[in-house]
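J.: Mapping to this note's numbering: the sequence shown position 389 is 529, numbers consecutive.
A single structure is presented below for examination.
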Amino acid sequence: MSLKKHSGSLELGECTRNPGYRDVDGDGSAAETIGDHPGEKRDSTSVKLDSEAAEEYTQLRPYAGMPKEVLLLYSSQARYRVPREILFWLTVACTLALVALTIAVIALSPRCLSWWQSSPVYQIYPRSFKDSDGDGVGDLKGIQEQLDHFQYLNIKSVWISPFYRSPMKDFGYDVEDFRAIDPLFGTMQDFEDLLAEMHNKGLKLIMDFIPNHTSDRHRWFNLSRLRDPHYEDYYVWTDCNATTPRPNNWVSVFGNSSWTYDEVRGQCYLHQFLKEQPDLNFRNPHVRQEMIDIIHFWLGKGVDGFRMDAVKHILEAAHLRDEPQVDPNKPPELVTSEWDLHHDYTTSQLGLHDLLREWRAEMDIYSREPGRYRFMVTESYDYHEVDKTMMYYSTPLVKESDFPFNFYLLDLPQNTSGLWVQHLVHLWMANMPKGQWANWVVGNHDKPRIASSSGHTYIRVINMLLLTLPGTPTTYYGEEIGMENINVTDSQIQDPRSPMQWSDDMNAGFNNKTNITWLPVHPDYRTVNVEVENSFILLPHSVSSQPPQTVLYL
Ligand code: NOJ
Numbered sequence: 141m142s143l144k145k146h147s148g149s150l151e152l153g154e155c156t157r158n159p160g161y162r163d164v165d166g167d168g169s170a171a172e173t174i175g176d177h178p179g180e181k182r183d184s185t186s187v188k189l190d191s192e193a194a195e196e197y198t199q200l201r202p203y204a205g206m207p208k209e210v211l212l213l214y215s216s217q218a219r220y221r222v223p224r225e226i227l228f229w230l231t232v233a234c235t236l237a238l239v240a241l242t243i244a245v246i247a248l249s250p251r252c253l254s255w256w257q258s259s260p261v262y263q264i265y266p267r268s269f270k271d272s273d274g275d276g277v278g279d280l281k282g283i284q285e286q287l288d289h290f291q292y293l294n295i296k297s298v299w300i301s302p303f304y305r306s307p308m309k310d311f312g313y314d315v316e317d318f319r320a321i322d323p324l325f326g327t328m329q330d331f332e333d334l335l336a337e338m339h340n341k342g343l344k345l346i347m348d349f350i351p352n353h354t355s356d357r358h359r360w361f362n363l364s365r366l367r368d369p370h371y372e373d374y375y376v377w378t379d380c381n382a383t384t385p386r387p388n389n390w391v392s393v394f395g396n397s398s399w400t401y402d403e404v405r406g407q408c409y410l411h412q413f414l415k416e417q418p419d420l421n422f423r424n425p426h427v428r429q430e431m432i433d434i435i436h437f438w439l440g441k442g443v444d445g446f447r448m449d450a451v452k453h454i455l456e457a458a459h460l461r462d463e464p465q466v467d468p469n470k471p472p473e474l475v476t477s478e479w480d481l482h483h484d485y486t487t488s489q490l491g492l493h494d495l496l497r498e499w500r501a502e503m504d505i506y507s508r509e510p511g512r513y514r515f516m517v518t519e520s521y522d523y524h525e526v527d528k529t530m531m532y533y534s535t536p537l538v539k540e541s542d543f544p545f546n547f548y549l550l551d552l553p554q555n556t557s558g559l560w561v562q563h564l565v566h567l568w569m570a571n572m573p574k575g576q577w578a579n580w581v582v583g584n585h586d587k588p589r590i591a592s593s594s595g596h597t598y599i600r601v602i603n604m605l606l607l608t609l610p611g612t613p614t615t616y617y618g619e620e621i622g623m624e625n626i627n628v629t630d631s632q633i634q635d636p637r638s639p640m641q642w643s644d645d646m647n648a649g650f651n652n653k654t655n656i657t658w659l660p661v662h663p664d665y666r667t668v669n670v671e672v673e674n675s676f677i678l679l680p681h682s683v684s685s686q687p688p689q690t691v692l693y694l
């Protein structure tokens, strides 16, 4: 507005009144000479020549609040334009580099660990962990009483072996009602209290899901043997000879034929485990739906994950042909052990992974809330066929288990050599699909105590190995203090899992109300117990005032 190009000369108005204007003469004449009202003095002899006016202009310095036109004039000068453009392109380049770097860092950094990756899994055998009511058997309230044990060990994931209503022919793996708590362990209210308290303390509860079979006392089985139209095909039935009930050569994992004749129905039913554990028929869509409903039932209650039991047995070939013998020359009547056959028709059948993936998808529905990821681990002993085990891992396209249990280290206590350790570790790491998470098991309810099979020399090193290998370690109650198997008499032979040794009090602190425990406490409990082990490590903790780390005492 006030700067006008006028027949080659410049008229500077406001800018000359601005303090940024340098009065060359120092007498204020410049304002008079080229003011906004040239009429006043323009005709006077003091009017500058055009060239002089331009010279004046070059003497102007940029100043705050200069008008747009002046600004544009300056900004187009090379000495302003070039640095500005350099700065602009530098900013663009830096921003792009920063974005690229951020993407690269995100893409290359390991993902944040989920709860099942950042803590060992601690398996509790509820019968033997803590008895709260003095009936001699461990229970859910007892587990709740002892939750500080996990805080102290910095363990976040607790797997509790089956506590469903069960006749306990197979320590709870024979389920009579998938929606009920066995009275031995307490009530549904006890379970809900335990779960709520665990969540309060930041602990996760993993429970067993047992899809392959039920107890023969399950309502479904009773209705099935009565040929109730809805339940008739809930189990695997076939015609057989009542006196020699062996429709084919299949054998149970626990030995002998996997078929039993049922007098009520007049047919044989399949059981890959005990005869009191009839196999469900997963070719029946109603059975599949029942199992999905059970998954929803427990996830709805808030459980954090499932250990999927005996998954490789879930489906059998519908044709029921004989399986090939390992030793073809062995007389068929001597084929009685699972090691006698190649299990081509009773394990790892086509469709098995579809079932597991379907269950996984149901679990994912409950995993969307932040911090509520539901974890799935599968149990399948594939021995020399590690590739079969690896198939339970999720793929980049389809989710399945977070990991299949790695049982190879279970062999360690019997075979302790550095080379063998290296071989077993390599076996898993080399075969695990890229990007998946490793895990290690050295003790569980199906195996003898480490201390009993490896001897005391190796307990510490085996536990240390477990805790230092990459991936999630799984440990079994009592292994952290080096408990040993008890010797049980024939009448007691239910399970060698003796009560947890908490202290040197009566019954090792397992209960303090009576002198009864469902199995005898191991005689070494006065020196091998949680209290004694705590006393070893409490001192360094209190001195350094460090938070407790995950510690297996051995
Ligand atoms: C595997 C369990 O670990 C075992 O204890 C049980 O007997 C079978 N599955 C049958 O459920």
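Every residue gets a Cβ at the ideal spot worked out from N, C-alpha and C, and that includes glycine.
All figures in this text were calculated on a predicted structure; none of them were measured in a lab.
1. Tell me whether the stretch 377-394 and the stretch 406-414 touch, counting them as touching only if at least three CB pairs, one residue from each stretch, are closer than 8 angstroms.
2. Check for me: the alpha helix (DSSP H) holding proline 207 runs from which residue to which?
3. Please classify glutamine 412 as buried or exposed, where buried requires at least 16 other C-beta atoms within 10 Å of its C-beta.
4. Suppose contacts are defined by Cβ-Cβ distances below 7 angstroms. Is serine 594 in contact with threonine 556 by that definition?
5. Is any heavy atom of ligand 1 found at a distance shorter than 6 angstroms from the C-beta of phenylalanine 318?
6. Out of Leu609, Arg600 and Tyr513, state which residue places its alpha-carbon closest to the alpha-carbon of isoleucine 346.
7. What I want to know is whether the C-beta of aspartate 494 ends up closer than 6 angstroms to one or more non-hydrogen atoms of ligand 1.
8. Taking the beta carbon of arginine 251 as the centre, do at least 16 other beta carbons fall within 10 Å, making it buried, or is it exposed?
9. Would DSSP call arginine 428 helix, strand or coil?
10. Assign histidine 353 to one of three DSSP states: helix, strand, or coil.
11. Going by other Cβ atoms of all chains shown within 10 Å of its Cβ, with 16 needed for buried, is tryptophan 229 buried or exposed?
12. Could you tell me which of Val672, Val661 and Val670 sits nearest to serine 268, measuring between CA atoms?
13. So, for glycine 583: in the same chain, excluding its five sequence neighbours on each side, which residues have a beta-carbon less than 7 angstroms away from its beta-carbon?
14. Compute the beta-carbon to beta-carbon distance between aspartate 449 and glutamine 465, rounded to the nearest angstrom, for a pair I have assumed lies under 8 angstroms.
15. I'd like the span of the alpha helix (DSSP H) that includes asparagine 603, first residue to last.
16. Taking three-plus beta-carbon pairs below 8 angstroms as touching, is the stretch 560-578 in contact with the stretch 289-296?
17. Would you kindly check if the distance between the Cβ of aspartate 330 and the Cβ of lysine 270 is under 7 angstroms?
18. May I ask whether a heavy atom of ligand 1 can be found less than 6 angstroms away from the beta carbon of tyrosine 313?
19. Hey, which unbroken runs of the alpha helix (DSSP H) at 4 residues or more fall wholly within the stretch 259-304?
20. CA-CA distance, glycine 445 and proline 553?
21. For leucine 420 and proline 351, which I take to be in contact (beta-carbon distance under 8 angstroms), what is that distance rounded to the nearest angstrom?
22. Rounding to the nearest angstrom, what Cα-Cα distance links alanine 458 and aspartate 333 in this structure?
23. Does the count of Cβ pairs from the stretch 644-652 and the stretch 665-672 closer than 8 angstroms reach three?
24. Within a Cβ cutoff of 7 angstroms, which residues of the same chain sit near lysine 415, ignoring the five residues on either side of it in sequence?
25. Pick out the complete beta strand (DSSP E) segments inside the stretch 316-342, 3 residues or longer, and give them in chain order.
26. What's the gap between the Cα of threonine 486 and the Cα of leucine 455?
27. Since threonine 654 and glycine 274 are thought to touch, with beta carbons under 8 angstroms apart, how far apart are those beta carbons, to the nearest angstrom?
28. Is DSSP giving glutamine 562 helix, strand or coil here?
29. Which value, in whole angstroms, describes the spacing of the CA atoms of leucine 439 and leucine 496?
30. Determine the closest residue to serine 417 out of Asn362, Lys441, Asn389 and Arg367, with distance taken between C-alpha atoms.
31. Mind checking whether lysine 452 and serine 520 have CB atoms under 7 angstroms apart?
32. Quick one: grab the DSSP three-state call for proline 510.
33. What is the rounded straight-line gap between the Cα of phenylalanine 325 and the Cα of valine 391?
34. Could you please give me the residues that DSSP links to arginine 447 through a beta bridge?
35. Along the chain, where does the beta strand (DSSP E) containing tyrosine 409 start, and where does it finish?
36. Look at the alpha carbon of arginine 224 and the alpha carbon of arginine 500, and state the distance between them as a whole number of angstroms.
T.: Judging by the given coordinates:
1. Cβ pair count under 8 angstroms is three or more, so yes.
2. Per DSSP, proline 207 is not a residue of any alpha helix (DSSP H), being assigned neither H nor E.
3. Under this definition glutamine 412 is a buried residue.
4. Yes.
5. Not so, every heavy atom of ligand 1 lies at least 6 angstroms from the Cβ.
6. Nearest in C-alpha terms to isoleucine 346, of all of Leu609, Arg600 and Tyr513, is Tyr513.
7. For aspartate 494, the shortest C-beta to heavy atom distance toward ligand 1 is 6 angstroms or greater.
8. It counts as exposed.
9. Note: arginine 428 maps to helix in three-state DSSP.
10. Strand at histidine 353.
11. Exposed.
12. Here the closest residue by C-alpha is Val661.
13. Only residues of its own chain outside the window of five on either side were considered, and among them Arg589, Ile590, Thr615, Tyr616 and Glu619 have a CB closer than 7 angstroms to the CB of glycine 583, listed in chain order.
14. That belief does not hold up - the Cβ atoms of aspartate 449 and glutamine 465 are roughly 27 angstroms apart, past 8 angstroms.
15. Counting along the chain, asparagine 603 sits inside the alpha helix (DSSP H) bounded by residues 599-608.
16. Touching, no.
17. Result no, Cβ atoms of lysine 270 and aspartate 330 do not sit closer than 7 angstroms.
18. The answer is yes for tyrosine 313.
19. Counting whole runs of 4 or more residues, the stretch 259-304 contains the alpha helix (DSSP H) stretches 266-269, 280-285 and 288-293.
20. Straight-line Cα distance between these residues: approximately 29 angstroms.
21. Right, the Cβ-Cβ distance comes to about 7 angstroms (below 8 angstroms), so this counts as a contact.
22. Inter-residue distance for alanine 458 and aspartate 333 is about 44 angstroms (C-alpha atoms, whole angstroms).
23. Of all C-beta pairs linking the stretch 644-652 to the stretch 665-672, three or more are shorter than 8 angstroms, placing the two stretches in contact.
24. Around lysine 415, the same chain offers Thr400 as residues with beta carbons nearer than 7 angstroms, after the five sequence neighbours per side are excluded.
25. If one requires a minimum length of 3 residues, the beta strand (DSSP E) runs lying completely within the stretch 316-342 are 317-321, in chain order.
26. Roughly 7 angstroms separates the two Cα atoms.
27. Approximately 5 angstroms separates the beta-carbon atoms of threonine 654 and glycine 274; this is inside 8 angstroms, confirming the contact.
28. Residue state, collapsed to three classes: helix.
29. The alpha-carbon atoms of leucine 439 and leucine 496 are separated by roughly 16 angstroms.
30. Reading off the sequence shown, one finds glutamine at residue 417, where the question assumed serine. Checking every option, the nearest Cα to that of glutamine 417 belongs to Asn362.
31. Yes, the Cβ-Cβ distance between lysine 452 and serine 520 is below 7 angstroms.
32. Coil, per DSSP.
33. Straight-line measurement puts the Cα of valine 391 at about 33 angstroms from the Cα of phenylalanine 325.
34. BP columns for arginine 447 point to Asp348 and Val517.
35. Element bounds for tyrosine 409: 407-410.
36. Going by C-alpha positions, arginine 224 is about 57 angstroms away from arginine 500.
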